[in-house]
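Colleague: In the numbering used here, the protein residues as written are 15 to 232.
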Ligand code: 5RP
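1. Thinking just about the alpha-carbon of each residue, which of 19, 108, 206 is nearest to the one in residue 161?
2. With H, G and I counted as helix, E and B as strand and the rest as coil, what does DSSP make of residue 44?
3. Can you tell me whether residue 87 is helix, strand or coil according to DSSP?
4. Using three-state DSSP, classify residue 59 as helix, strand or coil.
5. If you draw a straight line from the alpha carbon of residue 74 to that of residue 198, how long is it in whole angstroms?
6. I'd like to confirm the pairing. Which residues does DSSP put opposite residue 65 in its beta bridges?
7. Below 8 Å between beta carbons: does that hold for residue 65 and residue 87?
8. Would DSSP call residue 157 helix, strand or coil?
9. Report back the beta-carbon spacing between residue 137 and residue 93 to the nearest angstrom; my notes put them in contact at under 8 Å.
10. Should the segment 127-144 be called in touch with the segment 220-227, which here means at least 3 C-beta pairs below 8 Å?
11. How about residue 96: is its Cβ closer than 7 Å to a heavy atom in the ligand 5RP?
12. Quick one: residues in its chain with C-beta nearer than 8 Å to the C-beta of residue 68, no 5 flanking neighbours on either side, listed in chain order?
13. What would DSSP say about residue 77, mapped onto helix, strand or coil?
14. My output table needs one value for residue 232: the three-state DSSP class, helix, strand or coil.
15. State the Cα-Cα distance for the pair residue 201 and residue 173, rounded to the nearest angstrom.
16. In the DSSP assignment, find the unbroken alpha helix (DSSP H) run with residue 114 in it and report its ends.
17. Which term fits residue 204, buried or exposed, when burial requires 16 or more other beta carbons within 10 angstroms of its beta carbon?
18. Tell me, which residues are paired with residue 208 by DSSP?
19. Please say whether residue 44 and residue 21 have beta carbons closer to each other than 8 Å?
20. Tell me which residues share the same chain as residue 143 and place their Cβ nearer than 6 Å to its Cβ, disregarding the 5 neighbours each side in the sequence.
21. Residue 168 lies in the beta strand (DSSP E); which residues open and close that run?
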């Protein structure tokens, strides 16, 4: 199986977490796009979705799925999203698609985070994938200098403005041995909106597509 076949297989496996009458939390990215496609078969049986990006909202609405404002939803059962890297402890780097802040907010409200990945995303240590950090535009240079003090090499993601009107710094060359601590430290830098470490609230279940099928890690 190639990588796209695996992404599709992981997305289809996530359908078992979609129940009638429920509201589904929907992430962002190419793996999630396969999940959105798979929702076609159940779209008339679910209440709707809460979405983590304008892009996913657009896709959901185009299929006729109602997208609720998160402020009107106090709780829902499951959030389905991909990842850029994930460890055996279910800590992740996310934000390759620049949707990290809304992803983290929607994940915080969900009872369960189900991460859908192909097996290339599994790593022993986080940090080979540059860590995305969403930053208030006027704080960009200050935050970059502070990230250098933490040992990283931040790079401004040119031409990208997030759904929240902010910019992204991608931090290279971090070996993240303690993701919980690193997530906390980066969030304390003034001007940072969110960083792409999902460690305080990692995934609860991982559906990883391999050449031998989709494996469920709990
Ligand atoms: C977007 C994300 C995505 O989940 C992550 O980038 C994985 O994307 P893909 O499924 O395209 O590999 O965090 O901000």
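Glycine included, C-beta positions come from ideal geometry on N, C-alpha and C.
Modeller: With the structure as the only source:
1. Along the chain shown, one-based indexing puts residue 161 at 147. When each option's Cα is compared against that of residue 161, the closest is 206.
2. Indexing the chain shown from 1 puts residue 44 at position 30. It is helical.
3. Along the chain shown, one-based indexing puts residue 87 at 73. In the structure shown, residue 87 sits in coil (DSSP, three-state: anything other than H, G, I, E or B).
4. In the chain shown, residue 59 corresponds to position 45, counting from 1. Of the three classes helix, strand and coil, the one that applies to residue 59 here is coil, per DSSP.
5. As a first step, residue 74 must be located in the chain shown, where it is residue number 60. As a first step, residue 198 must be located in the chain shown, where it is residue number 184. Residue 74 and residue 198: Cα-Cα distance of roughly 33 Å.
6. Your numbering for residue 65 matches position 51 in the chain shown. Residue 65 pairs with 40.
7. By one-based count along the chain shown, residue 65 stands at place 51. By one-based count along the chain shown, residue 87 stands at place 73. Judged by their CB atoms, residue 65 and residue 87 are not nearer to each other than the 8 Å cut-off.
8. The count along the chain shown starts at 1 and reaches residue 157 at position 143. For residue 157, the secondary structure class from DSSP, reduced to helix, strand or coil, is helix.
9. Walking along the chain shown from the start, residue 137 turns up at place 123. Walking along the chain shown from the start, residue 93 turns up at place 79. That pair is no contact at about 22 Å.
10. A contact exists between the segment 127-144 and the segment 220-227.
11. Mapped onto the chain shown, residue 96 falls at position 82. Checking every heavy atom of the ligand 5RP against the Cβ of residue 96, one is found closer than 7 Å.
12. As a first step, residue 68 must be located in the chain shown, where it is residue number 54. So the list reads 177, once near-sequence residues are dropped.
13. Here residue 77 refers to the residue found at position 63 when the chain shown is read from its first residue. It is coil, neither helix nor strand.
14. Indexing the chain shown from 1 puts residue 232 at position 218. Coil.
15. Reading the chain shown from its first residue, position 187 is the one you call residue 201. Reading the chain shown from its first residue, position 159 is the one you call residue 173. If I take the Cα positions, the gap works out to 23 Å.
16. Taking the chain shown and counting its residues from 1, one reaches residue 114 at position 100. Residues 114-123.
17. The sequence position of residue 204 within the chain shown is 190, counting from 1. Per the 10 Å Cβ criterion, exposed.
18. In the chain shown, residue 208 corresponds to position 194, counting from 1. Partner(s): 148.
19. Start at 1 with the first residue of the chain shown, and residue 21 comes out as number 7. Start at 1 with the first residue of the chain shown, and residue 44 comes out as number 30. Cβ distance < 8 Å, so residue 21 and residue 44 count as in contact.
20. For this step, residue 143 is matched to residue 129 along the chain shown. Closer than 6 Å at Cβ, skipping near neighbours: 98, 99, 107.
21. On the chain shown, residue 168 is found 154 positions in, with the first residue counted as 1. Residues 167-170.
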